[in-house]
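First to last, the protein sequences are chains R and Y.
Under my numbering, the letters of the first sequence match residues 213 to 510, in that order.
Under my numbering, the letters of the second sequence match residues 2 to 215, in that order.
Quick reminder that beta carbons are idealized off the backbone N, C-alpha and C, glycines included.
These numbers were taken from a predicted model, which means no experiment stands behind them.
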Amino acid sequence: MTLAIETRDVHLRLKRSFAVSQLDMHVPHRSVYGFLGPNGAGKTTTIRLLLGLLRPQSGHITVLGRPMPAAYASVLARTGYVPERPHVYPSLTVQEAMRLHRSFYQTWDQTWADELLSQFGLSAAQRVGSLSKGESGKLLMLLALAQRPELLVLDEPTDGLDPVVRRDILAAVLQYVNDSAATVLISSHLVHELERICDWVGLMDRGRLVAELPMPEFKNGLKRLRVAAAPDHLGPTPFTILSRERNHGSMEQWLVQGWAPGMHEYLASVGASVREVVDLDLEEGFVEMLRSARDRAS
Amino acid sequence: MFQAIAATQWKWTRTTALLAAVVGFALPIASLQSAHETATPQEFIARMQNWGIGYALLAAGSGLLIALAAWGHDHQGRHVYALSLPVSRVRYVMLRFGAGALFLAPITIAVLVGSLIVAMSGAIPQGLHAFPIALSVRFALAGLVSYAIFFAIGSGTTRTAAVVLGSFAFLLFVQFILSLVNVEFNLLSRLGDFVFARPGLLSVFSGRWMLIDV
Chain R
213 MTLAIETRDV
223 HLRLKRSFAV
233 SQLDMHVPHR
243 SVYGFLGPNG
253 AGKTTTIRLL
263 LGLLRPQSGH
273 ITVLGRPMPA
283 AYASVLARTG
293 YVPERPHVYP
303 SLTVQEAMRL
313 HRSFYQTWDQ
323 TWADELLSQF
333 GLSAAQRVGS
343 LSKGESGKLL
353 MLLALAQRPE
363 LLVLDEPTDG
373 LDPVVRRDIL
383 AAVLQYVNDS
393 AATVLISSHL
403 VHELERICDW
413 VGLMDRGRLV
423 AELPMPEFKN
433 GLKRLRVAAA
443 PDHLGPTPFT
453 ILSRERNHGS
463 MEQWLVQGWA
473 PGMHEYLASV
483 GASVREVVDL
493 DLEEGFVEML
503 RSARDRAS
Chain Y
2 MFQAIAATQW
12 KWTRTTALLA
22 AVVGFALPIA
32 SLQSAHETAT
42 PQEFIARMQN
52 WGIGYALLAA
62 GSGLLIALAA
72 WGHDHQGRHV
82 YALSLPVSRV
92 RYVMLRFGAG
102 ALFLAPITIA
112 VLVGSLIVAM
122 SGAIPQGLHA
132 FPIALSVRFA
142 LAGLVSYAIF
152 FAIGSGTTRT
162 AAVVLGSFAF
172 LLFVQFILSL
182 VNVEFNLLSR
192 LGDFVFARPG
202 LLSVFSGRWM
212 LIDV
């Protein structure tokens, strides 16, 4: 598996109380990687590290095969970035913002930029500062897409937008991915939004990447089990136990990862029995994984 | 790339640049108007000299305002846009610097045109000479020095600005303490001489700014 983004043991302390640490991230080439985490988890800081906007205190970052931040200019030339907050100069018109942006990217596709402009319903003469939140989001997406990037990095691109605009933006991203086979890193705390479009998931919490796995594994292998008569100490298991809580009597509730139907037999072999297997949707899985990561950390 | 940067920067600078150009054009003409009715060449020179500070102030002010406009919008966006562009940071700074420096040109040209009109007006007393080119070159240099200094300060963070201002405050404080303990040492005057006397950093601003002289 070739990687579009790889980090090894990256560390950056920003404030006394917050640091991104031990960051080992692997974004496969041509994947849509959902970067999940609650607000303040360190997603934006991580993205800024990946793009060379911040410099790590230790560790190694490779993006599109080039070391970061050393090769930031050549990497950014191949990367479309939509930041968390609009960053385009508010006094420019949409047309001027496009002209300025175009001058920095040799791969800029003016025809497609014009198409996106009309598809998004933006007016070229309107001032960027007077755009609504949704229009601003669309403009940022337009600028990122029209440069035909190999890597799209979207930092909460739909945060605070209405469902119609969200759909427009995500549709444009999906269309681009289908057409160009680009890699997409999309951060969000809106879990259900990523469920439809991502094929990999990374989960960030309190400055650490607590899980990273393919979406099918995340969606299908993540279960809540009600288990009876389980022994206190288990040997090696064919699945990962993320959390284990005692309910009533000998009943326990387990959160497991990597569950497959045949694994009832394993539990039977250790004297336990599975009473119920509950599929978790992405949001529940996200919450449970966070809880389990926090429990492990504490 | 430079063209696009210059176009955006022009949008933020044009009001300042155009107003300064109008003032720069009017200064030589107004100085001549004020000196026109004097009786002797000495009085004429004295009147012209009174206006000289105007050129220095205009150059310093233009440099300051154009430099602040160059960075203002990047500061507002916390430099995220600039940092995410695929150019080296040094090159980006040079592009911004070059674009701002370019907008000093119309102001300098306005000073030159106004000065040339004065020089060709035939209203200069006998024995005196006009120096429109020398004045304009000096104006351009002073504008560039001012622009470069404020561009450098403006490129920094709020902390940098605080350090610069804090340094000035510290000097004032030291001077205050020296005067309290009756030490005969004028730190500010020494510092002023160091900066404004040749070959000091701001020496281009000191001395007489004369459009017409002997």
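Along the region 306-340 of chain R, going in chain order, the ones with a CB nearer than 8 Å to a CB of chain Y are E308, R311, L312, R314, S315, F316, Y317. Here Y293 of chain R carries a strand assignment [DSSP, helix/strand/coil]. Comparing C-alpha distances from L437 of chain R to each of R:Q465, R:L415, R:L425 shows the shortest one belongs to R:Q465. Here DSSP, grouped into helix, strand and coil, assigns W52 of chain Y to helix. Burial check for S400 of chain R: the Cβ neighbour count within 10 Å reaches 16 or more, so the residue is buried.
The region 320-329 of chain R makes no contact with the region 291-305 of chain R; the number of CB pairs closer than 8 Å stays below 3.
P450 of chain R is classed as exposed because its beta carbon has fewer than 16 other beta carbons within 10 Å across all chains shown.
Residue-level contact check: A509 of chain R does not touch chain Y, since none of the beta carbons of chain Y fall below 8 Å from its beta carbon. Bounds of any alpha helix (DSSP H) do not take in Q318 of chain R, whose DSSP letter is neither H nor E. The C-beta of S504 of chain R comes no closer than 8 Å to any C-beta of chain Y. W72 of chain Y does not reach chain R, its nearest Cβ partner there being about 12 Å away, counting only Cβ pairs nearer than 9 Å. The beta carbons of V340 of chain R and V300 of chain R sit closer together than 8 Å.
The beta carbons of P268 of chain R and V222 of chain R sit closer together than 8 Å.
Per DSSP, the continuous alpha helix (DSSP H) segment holding D507 of chain R begins and ends at 494-509.
Annotation: the continuous beta strand (DSSP E) that includes F247 of chain R extends over 244-248. If you look at S137 of chain Y, you'll find it isn't in any beta strand (DSSP E); it sits in the alpha helix (DSSP H) that goes 133-156. Around the beta carbon of Q469 of chain R, 16 or more other beta carbons sit within 10 angstroms, so the residue counts as buried.
Relative to T16 of chain Y, the option among Y:Q43, Y:A70, Y:L28, Y:I6 whose CA is nearest is Y:A70. Cβ proximity to chain Y below 8 Å picks out nothing from the region 230-244 of chain R. Around the beta carbon of K255 of chain R, a 10 Å sphere encloses 16 or more other beta carbons of the protein chains shown; the residue is thus reported as buried.
Of all residues in the region 395-421 of chain R, none comes within less than 8 Å of chain Y when Cβ atoms are compared.
Among the residues facing chain Y, H445 of chain R is not included, as its CB has no counterpart in that chain under 8 Å away.
Closer than 8 Å to the CB of W13 of chain Y there is at least one CB belonging to chain R. For M213 of chain R, the CB contacts under 7 Å within the same chain, skipping 5 residues up- and downstream, are P240 in chain order. A direct Cα-Cα distance of roughly 39 Å separates P426 of chain R from R311 of chain R. Distance between L142 of chain Y and F26 of chain Y, taken at the CA atoms: about 17 Å. Assigned with DSSP and collapsed to three states, T41 of chain Y falls in coil, not helix or strand.
Closest in alpha carbon position to F152 of chain Y, among Y:H76, Y:Q50, Y:Q43, Y:A5, is Y:H76. Ranked by Cα distance from A505 of chain R, the first of R:L415, R:G372, R:N459 is R:L415.
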